[in-house]
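Chemist: Numbered as in our numbering, the sequence shown ends at 328 without a single skipped number.
For each residue, glycine too, the CB sits at the ideal point set by N, CA and C.
Nothing here was measured: the structure is a model prediction, and the numbers come from that model.
One structure, pasted below without further comment.
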Amino acid sequence: MNKKYLALPAVLVVAAAVVAAIQLWPSTLKDLRAQNLCLGMLTEKTAGLLSDGKGGRLTVDEDKRERAGADPVFSTICFVNRDPEGDTADRLQYTLDARPTDALSDPVNGATRLANGRSGWVSPRQSEVQLPAGCPKKMKADAEHVTVTLKVAPGIVVAENWDDAALVAASRTVVLEAVDNLAKQYDCEA
Numbered sequence: 139m140n141k142k143y144l145a146l147p148a149v150l151v152v153a154a155a156v157v158a159a160i161q162l163w164p165s166t167l168k169d170l171r172a173q174n175l176c177l178g179m180l181t182e183k184t185a186g187l188l189s190d191g192k193g194g195r196l197t198v199d200e201d202k203r204e205r206a207g208a209d210p211v212f213s214t215i216c217f218v219n220r221d222p223e224g225d226t227a228d229r230l231q232y233t234l235d236a237r238p239t240d241a242l243s244d245p246v247n248g249a250t251r252l253a254n255g256r257s258g259w260v261s262p263r264q265s266e267v268q269l270p271a272g273c274p275k276k277m278k279a280d281a282e283h284v285t286v287t288l289k290v291a292p293g294i295v296v297a298e299n300w301d302d303a304a305l306v307a308a309s310r311t312v313v314l315e316a317v318d319n320l321a322k323q324y325d326c327e328a
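What follows is the structure, given as structure tokens:
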């Protein structure tokens with residue numbers, strides 16, 4: 139056989155090996171998404187902090203709305219639920235999502251602004267926290283900011299007997315872990 143005909147198959151085999159190695163190579167993004175919930179944003183322990191107190195197994199539904207060329211984190215809303223283990227439907231506890239944005243939302247009435255180099259605010263029913271300044275570029279977002287939004291279901295507020303301090307503390311923990319884990323995934327930590 140002529141050696142010039144062996145060059146192309148050899149190049150294709152090497153290229154396939156390189157592609158396979160890149161896809162199988164461990165990365166922080168892959169590791170966190172494999173071991174955590176909500177596209178790697180939350181540990182199971184933290185995800186369970188906001189609860190309506192009625193029991194049931196913690197479940198997560200990642201509603202993916204694929205957009206061409208968009209990172210899955212920007213086209214997914216994470217619904218954290220409790221499964222009552224019966225015929226009744228899952229009870230929504232809260233939603234969590236990340237979005238690129240050029241303008242930051244004003245805090246809702248009564249919200250607490252974050253300090254210590256963090257940008258955003260936390261309230262009993264909704265929280266918005268921005269990822270570090272270098273993250274939009276690393277996440278290939280065409281926006282100035284990436285914001286993680288947490289929206290708490292009304293059943294949680296009732297279960298906490300309208301104790302805003304308890305809700306703010308739990309919400310702060312949930313949303314800050316989500317921001318920190320996203321920053322780790324994209325290697326853009328502050």
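Between which two residues does the beta strand (DSSP E) holding S265 run?
Modeler: Looking up residue 265 in the sequence shown gives position 127. Counted as a single uninterrupted DSSP element, the beta strand (DSSP E) harbouring S265 occupies residues Q264 to Q268.
Chemist: Quick one: Cα of L180 to Cα of N219, how far?
Modeler: Start at 1 with the first residue of the sequence shown, and residue 180 comes out as number 42. Start at 1 with the first residue of the sequence shown, and residue 219 comes out as number 81. Their Cα atoms are separated by approximately 14 Å.
Chemist: Which residues in the same chain have their Cβ closer than 7 Å to the Cβ of D318, if we skip the five residues on either side of it in sequence?
Modeler: Position 180 of the sequence shown, counted from the first residue, corresponds to residue 318. Here the set comprises nothing.
Chemist: Assuming C326 and L269 are in contact, meaning their beta carbons sit under 8 Å apart, how far apart are those beta carbons, in whole angstroms?
Modeler: Taking the first residue of the sequence shown as position 1, residue 326 is located at position 188. Taking the first residue of the sequence shown as position 1, residue 269 is located at position 131. About 7 Å separates the two Cβ atoms, so the contact holds.
Chemist: Look at the Cβ atom of D221, then the Cβ atom of T197, and state whether they are nearer than 8 Å.
Modeler: Locating residue 221 in the sequence shown gives position 83, counting from the first residue. Locating residue 197 in the sequence shown gives position 59, counting from the first residue. Yes, these two residues count as a Cβ contact at 8 Å.
Chemist: If we count Cβ pairs, one from each stretch, closer than 8 Å, do we get three or more for the segment 256 to 274 versus the segment 240 to 248?
Modeler: yes
Chemist: Which value, in whole angstroms, describes the spacing of the CA atoms of D199 and K192?
Modeler: Translated into positions along the sequence shown, residue 199 becomes position 61. Translated into positions along the sequence shown, residue 192 becomes position 54. If I take the Cα positions, the gap works out to 19 Å.
Chemist: Given this structure, state the Cα-to-Cα distance separating G380 from E315, to the nearest angstrom.
Modeler: There is simply no residue 380 to check, as the chain begins at 139 and stops at 328 in what is shown.
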